[in-house]
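Below is one structure, written out as structure tokens, with a few remarks after it.
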Amino acid sequence: MQRPPPSYLNLQSNLKSAPGNCRAQVSRGTDLKTKFLVRRLVIVFSALALIAIVLFANRSQIRDVFDQLAGSDYTGGGNGTAVLQIEPGDDGAIVAQELVDLGVVKTYRTTYRLIIERDVVFYPGSYNLKLQMSSSAALDAIADPSSRAANRVLIREGLRIEDVIAALAKATGISKGEFESASKDLAALGIPTTEVSAEGWLFPATYEFDQQMTANQILSKMVSRTIVELDRFGVKPSDRHDVLTLASIVEKEVRNTSDFYKASRVFTNRLETGMPLQSDATVSYGVKGSTFTTSKADRADANRYNTYKYPGLPIGPIGAPGSLAIDAAVNPADGDWFYFVTVNLATGETVFTNTYAEHQKAVRQWLAWMRENPGYD
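Residue numbers for the sequence shown follow the numbering used here, so the first one is 45 and each next one is one higher.
See below:
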């Protein structure tokens, strides 16, 4: 019998072993496909996650675009003018509706949603805005300090009430007459009706008054600030009159604030011993003088602010004392001084003395300076 050729035998051998080899090859192929699919899925999911993060981070801008495309929001910074008034206690819902009512923004829903997303905090006041602003632009404008519609005014320490009113009228556009009328209603301002006037109760500071405020509201705010300062220094309501009166004298009598506490001690020592205050500043106020230099006739005048003629404090403040003067009135320096005189009006140098003889010597020093520097009063 003839044997099959070798090639045939090899073929049979290969066929017998083929099933196992095929399974191995299929298994390896399946593993490669699985790994490939997993990698593709990881890449796809990573890309989707990245897109989701980007979309979430920019959701406000994306919503703005959709709102504008849908016609539920204006575009840009707007035009024209509008004034938004935010009252104490107004929340995001109230502000959003007010913006819609003014024509600043287009829809309540879009604006309120953005307020919530930004967690906006609103502060009372007036704000200069524009008409037809995008919700985003409107909220940005409200957050911008330059949008505040306020009248800024500086009230200096020591000013008399007529000068305070003149400064307020100039800054706000409200007439002097309105301020004068409001200043006479002491009860409405929160001032005890036992006071002679509102003099001394209008605290000196830099203020920003909303343009919508009335004369009464402005003066009331200044009175409230005075009460806050008095409370800060522990002044009881029953002592407010005396403290403000003494502080106003200290404010006017010496220039350098470092001397406030010594001057307060001089007046306190005189009050405690029954000695007249003999303050030229009070005399000048009583005769409506414009300088601190007083005449013999001024010092003999019968007005109740004349502390040469009448013992004790005058009947009320003679100006608007600041924080340091109030502090000095409450906390005078320790010392036995009964006299003082400013010997150099240019620098404010003041000499404090215990006896009248020492005081007279200091007065001669002042007179010599006045002769060398004519024109000062």
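We put the CB at the ideal spot given by N, CA and C, even for glycine.
{"Query": "Nearest-angstrom beta carbon gap, K306 and W381 [assumed within contact, 8 Å]", "Result": "6 Å"}
{"Query": "Inter-residue spacing [alpha-carbon to alpha-carbon] between G393 and R192", "Result": "With the sequence shown as reference, residue 393 is identified as Glu, and Gly is not the correct amino acid for it. Taking the straight line from one Cα to the other gives about 43 Å."}
{"Query": "CB contact flag (F311, S323, <9 Å)", "Result": "yes"}
{"Query": "9 Å Cβ cutoff met for A126 and L158", "Result": "no"}
{"Query": "Neighbourhood of P168 by C-beta, 7 Å cutoff - its chain only, sequence neighbours within 5 removed", "Result": "I130, E131 and P132"}
{"Query": "For Y383, the residue or residues it bridges with in DSSP", "Result": "T397"}
{"Query": "Close-in-space but distant-in-sequence residues of the same chain around G366 (CB under 6 Å, 5 per side omitted)", "Result": "E201 and P248"}
{"Query": "Cβ neighbours of Y349 in the same chain (closer than 6 Å, five flanking residues each side left out)", "Result": "T326, Y329, G330 and P358"}
{"Query": "Alpha-carbon spacing of A373 relative to V287, whole angstroms", "Result": "6 Å"}
{"Query": "Through-space distance from P418 to F384, alpha-carbon basis", "Result": "22 Å"}
{"Query": "Delimiting residues of the alpha helix (DSSP H) encompassing L143", "Result": "G136 to L146"}
{"Query": "Every unbroken beta strand (DSSP E) within the stretch 244 to 287, with a cutoff of 3 residues, ordered by chain", "Result": "250 to 254"}
{"Query": "Residue of W410, R299, I235 and G121 minimising C-alpha distance to I271", "Result": "I235"}
{"Query": "A242 beta carbon less than 9 Å from that of L212", "Result": "no"}
{"Query": "Counterpart residues of A194 in DSSP-defined beta bridges", "Result": "D254"}
{"Query": "K353 versus A344: straight-line alpha-carbon distance, rounded", "Result": "7 Å"}
{"Query": "CA nearest to the CA of R204, picked from M319, E295 and R196", "Result": "E295"}
{"Query": "Exposure of L92, with buried meaning 16 or more beta-carbon neighbours within 10 Å", "Result": "exposed"}
{"Query": "Proximal residues to R284 (C-beta, below 7 Å), its chain only, five neighbours per side dropped", "Result": "L274"}
{"Query": "Whole-Å CB distance - T289 paired with F253, under 8 Å assumed", "Result": "No, T289 and F253 are not in contact; Cβ-Cβ is about 27 Å, not under 8 Å."}
{"Query": "In chain order, each alpha helix (DSSP H) run of at least 4 residues that lies wholly inside the stretch 320 to 363", "Result": "324 to 330 and 340 to 344"}
{"Query": "9 Å Cβ cutoff met for Y118 and A140", "Result": "no"}
{"Query": "Contact under 9 Å by Cβ, P376 with P320", "Result": "no"}
{"Query": "Close Cβ partners of T386 (< 6 Å) along its chain, the five nearest in sequence each way excluded", "Result": "T394"}
{"Query": "Reduced DSSP secondary structure (H/G/I, E/B, other) of V127", "Result": "strand"}
{"Query": "Short Cβ contact (9 Å threshold) for S292 with G363", "Result": "yes"}
{"Query": "Same chain, Cβ closer than 6 Å to D342, five either side skipped, listed in chain order", "Result": "V327 and V331"}
{"Query": "Bridge-paired residues (DSSP) for Y171", "Result": "L128 and R192"}
{"Query": "Boundaries of the alpha helix (DSSP H) in which E161 is found, first to last residue", "Result": "Y152 to R162"}
{"Query": "Proximity winner among I138, K280, A390 and V279, relative to R299 (alpha-carbon distances)", "Result": "A390"}
{"Query": "Bounding residues of the alpha helix (DSSP H) (the contiguous stretch that carries F223)", "Result": "K220 to K228"}
{"Query": "With 16 other Cβ atoms within 10 Å as the buried cut-off, status of D163", "Result": "exposed"}
{"Query": "Residues of its chain near N233, where Cβ-Cβ distance is below 8 Å and the 5 sequence neighbours each way are ignored", "Result": "The sequence as given places Leu at residue 233; Asn does not occur at that position. Correct list, in chain order: A226, S227, A242, W245, N260, L263, S264 and V267."}
{"Query": "Burial state of V165 (16 or more Cβ within 10 Å)", "Result": "exposed"}
{"Query": "Member of S282, G379, T337 and D134 whose CA lies at the smallest distance from the CA of W410", "Result": "T337"}
{"Query": "Proximity to I370 [Cα-Cα], best of K405, K340, M414 and G278", "Result": "G278"}
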